[in-house]
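Residue numbers (our numbering): 118 to 856.
The beta carbon of each residue, even a glycine, is placed where N, CA and C say it ideally should be.
Quick caveat, the model's predicted, so the values are computed rather than measured.
Spelled out as structure tokens, the structure:
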């Protein structure tokens, strides 16, 4: 109510009867200086005066006529005594239920009313005083507890540099003195903010919270960074600048207190509540104190971490240097293994993501990537040249350390890995010049501090000395080894000549024995057949004579084939190429004729299939020899009347010949020597043969530039597969050399 003076003593009279109001004024004129009157509990005058009145008189009829709840609410929101005026005693239960300090009937309105009201006022004042004293005691106790909490935090700060322990204790104290639902400390890194510490979050909330990275341009964070002032938002739903990260929609009131270290805002203490208007200025003042202690804890931890990192870097340099000067390194000739160990040492001891050792080849100007280590997995493939682009050649040419904190801003940087953000190239210097570099790369911008660069340069000096010493040792040892190798080589040449002589002698003996045996049998058969014809020809029928003549002719063909095989094997590779004459041939007819010739005796069931174009560009003589020898072996080592399959397929670029039998198979111990001249498998000694057939097959295949393979299983048969490239393209090139 406008014009009310707080220094005066007011009484509020709420009664519908003006006469009663005047009567009360006259009775209480010596107690109150002023009276405020209204005829309704819910009037504007009532609500304006209720907070300044020293006592309130209300007619009972206004409390029982549907306005009890309003009266009760009024009672709960004020401190002045409430006196109810009643007309009859039967209304007392309802009145008492409404909550009153005194009840007056009409008969009690007399001269003693003044004394009764004074007693009510004195009691009210005494209650207020007791409440104030109790409140003061509570506040003193709370301040004492607050001081003890600060002392406990200060003690923790002096006893440990672990910020997690100190801040966990600090956030626990915050929960005792500032009512809230969640609290966290957010630290700033460059342009982003992340939650580093938290309190009263569930594990699921922590997982979500730690995944969130906010830009410091977010409204309330930006305000703290820019001004360094505290932010108090009584109700986030009415604040247009409030930014709610995902999962924080429940926050209704918020306090953000800056954390300062070295005159910089390094973070923010965030206090959240689900209740609007939950924080007072007293809470804010206490949070400032807690934020100051958090800054000290974080600052101490950062300082301790810096000192610890520096000490660890020095220890790393010592360990790395000790590794470089171990005695076994000076007697090692494995520069690759040494480089790999150097790269691993840099990664382990200096904590960088990736390190490479690159050396210079002065004769060629080429830079050799000798070793690489690290989880970054840099895998550059393009060659490096001393006069080429990139930070590595530049560091070698200029004999100085090159550092690119942001490779995208370095004009001389030559990209080799999409993940690289910073690169440090340290020369390996010796008195004779730069012999190489240590190339360090990271996926983090500005990953190498000035101190780290200095330590790596010292390490590079020791690395260069070690590499140069090993190079010198290797050159001395290489000279000695060269002399030894010359002696050994000459000795090996003599031994090889002797071994070759022995092999030739053995081969000659084996050749003579094999050929004499293989020639003796057909000659004996021919001699027997000719004797029979000479002595008994007149007695034989024409069919018998033809049969004997055919037998002689067949043996002559066998001898002729053996002679051809022997001549082919004895001919040198160069001479063989001169008789290699590919031409356009009817491959289908050639293969069919060869199968028919082999099938003339009808000793086996030969089954021939052909697919594809009938023509090919191959040497017909050598193709016939391939088929003759493969078919001869298949029939020789298979049972009579067994099936032998011959499959020829003319493909687009090559020809495939397969000969499959169901014979005795080839022992595994003979596989590696199967195509050697005069070699025969261990399970065919009882079967006639020269051991030249497969050697000739291989020779014919090699002349065509093809391949021959086999599949075999003892007792179940063997399949030989010959693949020959169709040389039609080569023929075209020869005929058109200008194309």
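Do residue i and residue j have their C-beta atoms closer together than 8 Å?
i	j	result
residue 128	residue 170	yes
residue 357	residue 329	no
residue 832	residue 783	no
residue 773	residue 702	no
residue 543	residue 551	no
residue 201	residue 217	yes
residue 391	residue 289	no
residue 172	residue 152	no
residue 148	residue 234	yes
residue 376	residue 385	yes
residue 749	residue 778	no
residue 383	residue 413	no
residue 785	residue 729	no
residue 487	residue 476	yes
residue 125	residue 150	yes
residue 144	residue 158	no
residue 700	residue 727	no
residue 566	residue 539	no
residue 836	residue 775	yes
residue 720	residue 757	yes
residue 585	residue 547	yes
residue 92	residue 709	Because the chain in this structure spans residues 118 to 856, residue 92 falls outside the shown range and cannot be described.
residue 396	residue 287	no
residue 665	residue 642	no
Across which residues does DSSP place residue i in a beta bridge pair?
i	result
residue 314	302
residue 358	In DSSP, residue 358 forms no bridge with anything.
residue 483	478 and 502
residue 371	350 and 389
residue 309	306 and 332
residue 488	474
residue 377	382
residue 828	836
residue 128	152 and 172
residue 221	202
residue 842	771
residue 766	728 and 773
residue 558	471 and 540
residue 547	550
residue 701	734
Are there any heavy atoms of the ligand SAH lying less than 7 Å away from the beta-carbon of residue i, as far as the coordinates show?
i	result
residue 414	Of the ligands one can find in the structure shown there are none, so the ligand SAH has no counterpart to examine.
Hey, out of the options, whose CA is closest to residue i's CA?
i	options	result
residue 295	322, 338, 373 and 304	373
residue 371	355, 381 and 379	355
residue 804	823, 360 and 752	752
residue 314	391, 346, 411 and 166	411
residue 569	587, 541, 554 and 562	541
residue 369	238, 350, 293 and 769	350
residue 520	709, 677, 284 and 563	563
residue 335	407, 310, 321 and 235	310
residue 495	746, 472, 176 and 546	472
residue 731	716, 750, 826 and 704	704
residue 401	348, 729 and 364	348
residue 825	144, 747, 768 and 645	747
residue 175	198, 165 and 301	198
residue 454	617, 587, 809 and 607	587
residue 326	533, 818 and 301	301
residue 743	797, 790 and 820	820
residue 557	574, 615 and 827	574
residue 79	822, 451 and 720	The requested residue 79 is not part of the displayed model; the chain covers only 118 to 856.
residue 790	809, 405 and 324	809
residue 338	312, 322, 525 and 485	312
residue 379	394, 409, 399 and 360	409
Per the contact definition of three or more C-beta pairs closer than 8 Å, is the stretch 479-497 in contact with the stretch 563-580? no
Would the stretch 529-537 count as touching the stretch 501-513 if we require 3 or more Cβ pairs under 8 Å? yes
Hey, is the stretch 592-601 in contact with the stretch 452-461, meaning 3+ C-beta pairs nearer than 8 Å? no
Can you list, in chain order, the stretches of the beta strand (DSSP E) that have 3 or more residues and sit fully within the stretch 716-760? 722-729 and 732-735
Contact between the stretch 807-822 and the stretch 757-766 (3+ Cβ pairs under 8 Å): no
Length-filtered (3 minimum) beta strand (DSSP E) runs lying within the stretch 564-630: none
Hey, which unbroken runs of the alpha helix (DSSP H) at 4 residues or more fall wholly within the stretch 501-545? 508-515
Flag this pair as touching only if the stretch 791-805 and the stretch 738-746 have three or more C-beta atom pairs under 8 Å; answer yes or no. no
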